[in-house]
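One structure below.
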Amino acid sequence: MKKLLIALAVILAPLATEAQIRTPQASPKGYIKQTVGLTDVEVTYSRPGARGRAVFGNLVPFGKLWRTGANENTIINFGDDVVIDGKTLKKGKYAIYTIPKIESWEIIFYLSTDNWGLPENWSDAYVALRTTVKEDALPTPVETFTIGINNLDQNSGYLEIAWENSHVALKFEVPTAKIANASIQKTLAGPTWNDYYAASQYLFQSNGNMILAREYVDKALELSTDKPYYLTRLKSLIQARQGDKAGAVETAKISLASAEAANNQDYVKMNKDSISEWSR
């Protein structure tokens, strides 16, 4: 009998592991990704429903800190620095906390984002930005807590929060002109040394046109200010493949000195081995 029970346990154990009951969440996950101008903004949050309950002033008390949703933190991620009420909010992730009131809401961007609900120990040192927005009464109730990024133009958007009969919209400005101008200047200035290095490396590794590979690596060295050891190493390999062993040795010696200064022992060994091989 004991052996039979053990055998049944062995058979049923995998079935118990695989058979997991799936039920819908009371406050399902929501996710938004929106490009505003040239800046990506993402919001991850949980979406409770009113389900016949009075929300603001009851389920969510007025004048008290609220997690702004349900479950773990509602998190917003700005891909670039943004400006809110004339204050700069650095790019990155923030938990959104709010203090709903009858005619206005306080909105707080908080640096700690790994809390379940409210932080156990609130710290003002983690408040990256705090601002106040006007509350608008909605003519039609919103059953499910909703966050949106709307009213977009090239330079700004609005973070909108709506639930029950309450709606708030917080304007944030994005650095579209700064990003666009930097992109224009970079493109019109032409390729960087790193672009030439990448092109040369590809041609070398794919056994492509070595004349072009040499041209590109020389251009990379011309544009580079510090002439890194991996760049001179690539040139030495191209020279060797072209049959210029003497030139390859001289370039490898330059790469070796740079690698020794950077204490990169892998490149030190590779250069020493190559110098020995090409000097025969």
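If you count by mature numbering (1 follows the signal peptide of the UniProt record, and there is no 0), then the sequence shown holds residues -19 to -1, 1 to 261, one letter each, in order. Ideal Cβ placement from N, Cα and C applies to all residues, glycine included.
query, result
"Between Y210 and S239, which are expected to be in contact by the criterion C-beta below 8 Å, what is the C-beta distance as a whole number of angstroms?", "4 Å"
"As a quick exercise: from K14, K167, L204, N54, pick the residue whose alpha carbon is nearest that of N131.", "K14"
"If I follow the unbroken alpha helix (DSSP H) through E203, where does it start and stop?", "191 to 204"
"Quick one: grab the DSSP three-state call for A109.", "strand"
"Going by CA-CA distance only, name the one from A109, E124, L40 that's closest to K68.", "A109"
"Roughly how many angstroms lie between the CA atoms of S255 and R222, to the nearest whole one?", "12 Å"
"Can you tell me where the beta strand (DSSP E) holding S11 begins and where it ends?", "Sequence check: residue 11 is Gly here, not Ser. Looking at the DSSP string, the run of the beta strand (DSSP E) that includes G11 is 10 to 17."
"Run the CB neighbour count on Q220, radius 10 Å, all protein chains shown included, and call it buried at 16 or more, exposed below.", "buried"
"Along the beta strand (DSSP E) that carries N146, what are the first and last residues, could you check?", "137 to 154"
"Taking the alpha carbon of Q6 as the reference point, which residue from G18, R28, E145, D117 has its own alpha carbon closest?", "R28"
"Is the separation between the beta-carbon of I142 and that of I128 shorter than 9 Å?", "yes"
"Given that a residue counts as buried once 16 or more other Cβ atoms are within 10 Å of its Cβ, and exposed if not, what is K216?", "buried"
"Going by DSSP in three states, residue 265 sits in which element: helix, strand or coil?", "Outside the modelled stretch of the chain, which goes from -19 to 261, sits residue 265, for which no answer is possible."
"Give me, in chain order, the residues of the same chain whose beta-carbon lies closer than 7 Å to that of S205; leave out the 5 immediate sequence neighbours on both sides.", "W174, L212"
"Using only CA atoms, which one of E258, W144, L202, K152 lies nearest to G38?", "W144"
"Let me know the secondary structure DSSP gives I77 once reduced to three states.", "strand"
"Here's a check: name, in chain order, each residue in its chain whose Cβ is nearer than 6 Å to the Cβ of T25, leaving out the five neighbours to either side.", "Y12, I56"
"Just checking S137 against the ligand PLP - is the residue's beta carbon closer than 8 Å to any of the ligand's heavy atoms?", "This structure simply doesn't include the ligand PLP, nor any ligand for that matter."
"Which residue or residues does DSSP assign as beta-bridge partners of S27?", "K10"
"May I have the straight-line CA-CA distance separating N190 from L184, to the nearest angstrom?", "6 Å"
"Quick check on the DSSP output: what are the complete beta strand (DSSP E) runs of length 3 or more inside the stretch 159 to 193, in order along the chain?", "none"
"Assuming contact is defined by CB atoms lying nearer than 9 Å, are T49 and Y78 in contact in what I supplied?", "yes"
"By alpha-carbon positions, which one of G30, V22, L119 ends up nearest to S8?", "G30"
"From the DSSP output, in three-state form, read off V123 for me.", "strand"
"So L151 and I88 are in contact, right, with Cβ under 8 Å, and what is the actual spacing, rounded?", "6 Å"
"Per DSSP, what kind of secondary structure is A233 in: helix, strand or coil?", "helix"
"Alpha carbon to alpha carbon, what distance is there between T168 and E116?", "44 Å"
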